[in-house]
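Colleague:
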Amino acid sequence: MRVVIVTESFPPDVNGVAHCALQTARHLAARGHDPLVIAPAVAGAAETDAPCPVVRVPSLPLPGYPQVRVALPSRRVAATIAAHRADLVHLAGPFVLGVRGMTAAARLHVPAVAVYQTDLAGYARTYVGAGEAAAWRRIRAVHSAADRTLAPSGAAVQDLVEHGVPRVRLWRRGVDTVRFRPELRDEALRRRLAPDGELIVGYVGRLAPEKQVELLAGVCELPGVRVVIVGDGPSEASLRGALPGAVFLGRRTGAELARTFASFDVFAHTGPYETFCQTVQEAMAAGVPVIAPAAGGPLDLVDHGRTGLLVTPHDAGAVTAAVRELARAPALRAAYGRAGRATVEGRTWETVGDQLLGHYDEVLGARTAVVA
Numbered sequence: 260m261r262v263v264i265v266t267e268s269f270p271p272d273v274n275g276v277a278h279c280a281l282q283t284a285r286h287l288a289a290r291g292h293d294p295l296v297i298a299p300a301v302a303g304a305a306e307t308d309a310p311c312p313v314v315r316v317p318s319l320p321l322p323g324y325p326q327v328r329v330a331l332p333s334r335r336v337a338a339t340i341a342a343h344r345a346d347l348v349h350l351a352g353p354f355v356l357g358v359r360g361m362t363a364a365a366r367l368h369v370p371a372v373a374v375y376q377t378d379l380a381g382y383a384r385t386y387v388g389a390g391e392a393a394a395w396r397r398i399r400a401v402h403s404a405a406d407r408t409l410a411p412s413g414a415a416v417q418d419l420v421e422h423g424v425p426r427v428r429l430w431r432r433g434v435d436t437v438r439f440r441p442e443l444r445d446e447a448l449r450r451r452l453a454p455d456g457e458l459i460v461g462y463v464g465r466l467a468p469e470k471q472v473e474l475l476a477g478v479c480e481l482p483g484v485r486v487v488i489v490g491d492g493p494s495e496a497s498l499r500g501a502l503p504g505a506v507f508l509g510r511r512t513g514a515e516l517a518r519t520f521a522s523f524d525v526f527a528h529t530g531p532y533e534t535f536c537q538t539v540q541e542a543m544a545a546g547v548p549v550i551a552p553a554a555g556g557p558l559d560l561v562d563h564g565r566t567g568l569l570v571t572p573h574d575a576g577a578v579t580a581a582v583r584e585l586a587r588a589p590a591l592r593a594a595y596g597r598a599g600r601a602t603v604e605g606r607t608w609e610t611v612g613d614q615l616l617g618h619y620d621e622v623l624g625a626r627t628a629v630v631a
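Now the structure itself:
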């Protein structure tokens, strides 16, 4: 099968869309298919880790958030899909580049599968305080043109269906349970991060307004607790002021990230607009109990009272109270960590990659039936 993956982001970018697109390309190649990726150009990008050809289209940094690149209009999208003789186009988080990919696929009569990954309506509320209806109109227009939309969580499926998006199916994300595992807990790293033996509460993710990392301010004030922040983004400077005593490690990837995850005592995610929340799965794979908002993707991932605690979204006091509860109960933390690891052990990228191929086959079969 010849598949063109049109993605709004791809490594060396570090985010959920980029990571999922990379894993998709890897799985297709491993299963003997012929993938090709179209992604925004990134200054100095190297494709050494890419499992297939990557075509970069011109892009500009998003104003105020240079880590995010926005693709510019380019005829290269349609030309690449045609030259690859694609059987199917996979649209990863379609918004700008993905819209062009959808248009090209329709013109070339190539079936398209759109993967919903970003809560654009939530971002509109966060960044401009309005525009949620406009964001949903764009989401509905793009995804309605696809042969199938794949959503990563039950909450995301419900949102899409309620806003009029047709042909929605559930497709969750995998996690690397070999890379992320409890055995990587590093006592030397823990001593550097918490020299007085404090309980380490970690956050991993973008430092941006929609993530609401400032909700950890009360946790920073708890005695015997050290907050550790992994990631970068436009909110870093303000968060350094808002989270006194927190340790900021910057961006970490690969083995270093896995070792850091395993060295946490508690993982706390604060963002209420997650369609999935891959870092929650990675924390669970590392055997770390999770605190997350009872909204979006975490509703599917965190079994409240068994693998972690779900708290009221946007509520700093609820986050602080949950950390306080776990800080007092080491046996409970250990039990949550073990249950979390057991929960994700079957959620490998190989497993979900094969599920994706099943969706592809169904879409191609439906197209063939219509033509016949």
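Sequential numbering from 260 applies to the sequence shown in the numbering used here. Positions of the beta carbon are idealized from the N, C-alpha and C atoms, including for glycine. As the structure is a computational prediction, the values presented were derived from the model and not from experiment.
Report all residues from its chain with a CB closer than 7 Å to the CB of residue 621; omit the five preceding and five following residues, and keep chain order.
Modeller: Nothing listed; no residue qualifies.
Colleague: Along the chain, where does the beta strand (DSSP E) containing residue 408 start, and where does it finish?
Modeller: Looking at the DSSP string, the run of the beta strand (DSSP E) that includes residue 408 is 407 to 410.
Colleague: Find out if the Cβ-Cβ distance for the pair residue 615, residue 408 is shorter than 8 Å.
Modeller: For residue 615 and residue 408, no; Cβs fall outside 8 Å.
Colleague: Could you work out which residue in 479, 273 and 423 is closest to residue 586 when comparing CA atoms only?
Modeller: Comparing Cα positions, the closest option is 479.
Colleague: Once the 5 residues before and after residue 471 are set aside, which same chain residues still bring their CB inside 8 Å of it?
Modeller: Cβ within range, chain order: 529, 530, 531 and 573.
Colleague: Between the beta-carbon of residue 452 and the beta-carbon of residue 489, is there less than 8 Å?
Modeller: No, these two residues do not count as a Cβ contact at 8 Å.
Colleague: In the structure shown, what three-state DSSP assignment does residue 595 receive?
Modeller: If DSSP states are grouped into helix, strand and coil, residue 595 belongs with the helices.
Colleague: What residues in its chain sit with their C-beta under 6 Å from that of residue 444, if we drop five residues either side in the sequence?
Modeller: Within the same chain, residue 444 has close Cβ partners 521 and 522.
Colleague: Residue ranges of each beta strand (DSSP E) run of no fewer than 3 residues wholly in the region 426 to 490, ordered along the chain?
Modeller: With a minimum length of 3 residues, the continuous beta strand (DSSP E) runs that stay inside the region 426 to 490 are 427 to 429, 458 to 463 and 484 to 489.
Colleague: Does DSSP put residue 328 in a helix, in a strand, or in coil?
Modeller: Strand at residue 328.
Colleague: Please report the straight-line C-alpha distance between residue 539 and residue 596, rounded to a whole angstrom.
Modeller: Computed Cα separation, rounded: 12 Å.
Colleague: Starting from residue 494, follow the beta strand (DSSP E) in both directions and report where the run begins and ends.
Modeller: Element bounds for residue 494: n/a, residue is neither H nor E.
Colleague: Do you know offhand how far residue 348's Cα is from residue 264's?
Modeller: Spanning the two alpha carbons is a distance of roughly 6 Å.
Colleague: Would you kindly work out how many angstroms separate the C-alpha atoms of residue 562 and residue 353, rounded to a whole number?
Modeller: Cα to Cα, the separation comes out at about 30 Å.
Colleague: Any idea what DSSP makes of residue 293, helix, strand or coil?
Modeller: DSSP places residue 293 in strand when its eight states are reduced to three.
Colleague: Is residue 301 helix, strand or coil when you go by DSSP?
Modeller: Note: residue 301 maps to coil in three-state DSSP.
Colleague: Need the endpoints of the beta strand (DSSP E) that residue 349 sits in, please.
Modeller: 347 to 351 is the span of the beta strand (DSSP E), which, as asked, contains residue 349.
Colleague: On the CB-based measure, 16 or more other CB atoms within 10 Å of its CB, does residue 537 come out buried or exposed?
Modeller: With 16 or more other Cβ atoms within 10 Å, it is buried.
Colleague: Just to check my reading of the structure: residue 599 and residue 564 have Cβ atoms closer than 8 Å, yes? What is that Cβ distance to the nearest angstrom?
Modeller: Not quite, the Cβ-Cβ distance comes to about 12 Å (not below 8 Å), so this is no contact.
Colleague: Checking 8 Å against the spacing of the C-beta atoms, do residue 393 and residue 267 come in under that value?
Modeller: Contact: no.
Colleague: Just checking my contact of residue 436 with residue 610 at CB under 8 Å: how many whole Å lie between their CB atoms?
Modeller: Contact doesn't hold; Cβ gap of about 10 Å is too wide.
Colleague: Considering only residues of the same chain and omitting the five flanking positions on each side of residue 571, which have a CB-CB separation below 8 Å?
Modeller: 552, 553 and 577.
Colleague: Can you tell me whether DSSP reads residue 396 as helix, strand or coil?
Modeller: Three-state DSSP puts residue 396 in a helix.
Colleague: Tell whether a beta-carbon distance below 8 Å holds between residue 331 and residue 319.
Modeller: Contact flag set, yes.
Colleague: Spatial neighbours of residue 511 within its chain, please: CB distance less than 7 Å, with the 5 preceding and 5 following residues excluded, ordered by chain position.
Modeller: Contacts found: 489 and 519.
Colleague: Quick one: what's residue 702 bridged to in DSSP?
Modeller: For residue 702 there is no data in the structure shown, the boundaries of the chain being 260 and 631.
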